[in-house]
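Working notes, structure below.
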Amino acid sequence: MASRSEEELYCSVCHDIFKNPVVVPCSHSFCKDCLKEWWRQKQSQACPICKTISSKAEPPVSLVLKNMCEAFLMERDQRASGALCSLHSEKLKLFCLDHQQPVCIVCRDSEKHTNHRFRPIDEATQQRKKNLQGTLEPLKEK
Numbered sequence: 001m002a003s004r005s006e007e008e009l010y011c012s013v014c015h016d017i018f019k020n021p022v023v024v025p026c027s028h029s030f031c032k033d034c035l036k037e038w039w040r041q042k043q044s045q046a047c048p049i050c051k052t053i054s055s056k057a058e059p060p061v062s063l064v065l066k067n068m069c070e071a072f073l074m075e076r077d078q079r080a081s082g083a084l085c086s087l088h089s090e091k092l093k094l095f096c097l098d099h100q101q102p103v104c105i106v107c108r109d110s111e112k113h114t115n116h117r118f119r120p121i122d123e124a125t126q127q128r129k130k131n132l133q134g135t136l137e138p139l140k141e142k
């Protein structure tokens, strides 16, 4: 679960770390592409959170937020690349689909994971994220 300060780096439209964050007059921030698409779908320049109408077709980029997101992503990538298996002290590069957990190369070849299915951890992460977004989509419409 994300910490409170970490949650501030997530776009409330796509539920991902901001990409090219912009700020609307009511002070809410969104990914530039998310906001444009939201406005296109709603045929209105209303804030997705508070519904305040924006008079600006091109909201300004939030450089502070952009820099914070970039720093957070770099730190997260460094932490992820350093994630080690507690049994073998090897990098966790794979995801066991049968046990739904990250594993190292040694774990993959162990008896515990015989005949299991694996994916590269990045691929499994993207698939899981896609599934969660699909689950959240009907809730966003309510």
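Residue numbers for the sequence shown follow full-length UniProt numbering, so the first one is 1 and each next one is one higher.
Where is the CB? At the ideal position from N, CA and C, for every residue including glycine.
The segment 47-59 / the segment 15-35 touching (three or more Cβ pairs under 8 angstroms): The way I'd put it, the segment 47-59 does touch the segment 15-35; three or more beta-carbon pairs between them come closer than 8 angstroms.
The segment 108-118 in contact with the segment 127-140 per 3-pair CB rule at 8 angstroms: In this structure the segment 108-118 does not lie against the segment 127-140, because fewer than three pairs of beta carbons, one per stretch, are closer than 8 angstroms.
Anticipated Cβ contact below 8 angstroms, LEU97 with LYS91, distance rounded: Contact between LEU97 and LYS91 does not hold, since their C-beta atoms are separated by about 19 angstroms, which reaches or exceeds 8 angstroms.
Test item: CB-CB of HIS28 and LEU136 under 8 angstroms: Cβ atoms of HIS28 and LEU136: not closer than 8 angstroms.
Distance between SER110 and SER86 (C-alpha atoms, nearest Å): About 14 angstroms.
Close Cβ partners of ASN20 (< 8 angstroms) along its chain, the five nearest in sequence each way excluded: The residues are CYS31, LYS32, ASP33, VAL61 and LYS66.
Which of helix, strand or coil DSSP assigns to LEU9: In this structure, LEU9 counts as coil in the three-state DSSP scheme.
Integer Cβ distance of VAL103 from LEU94, believed to fall under 8 angstroms: Between LEU94 and VAL103 the Cβ distance is about 5 angstroms, and since that is below 8 angstroms, they are a contact.
8 angstroms contact criterion, which VAL24 and SER54 should meet: CB distance rounded: Between VAL24 and SER54, the beta carbon gap of about 5 angstroms places them in contact (Cβ cut-off 8 angstroms).
Whole-angstrom distance between GLU70 and GLN45, CA atom to CA atom: Those two C-alpha atoms are separated by around 27 angstroms.
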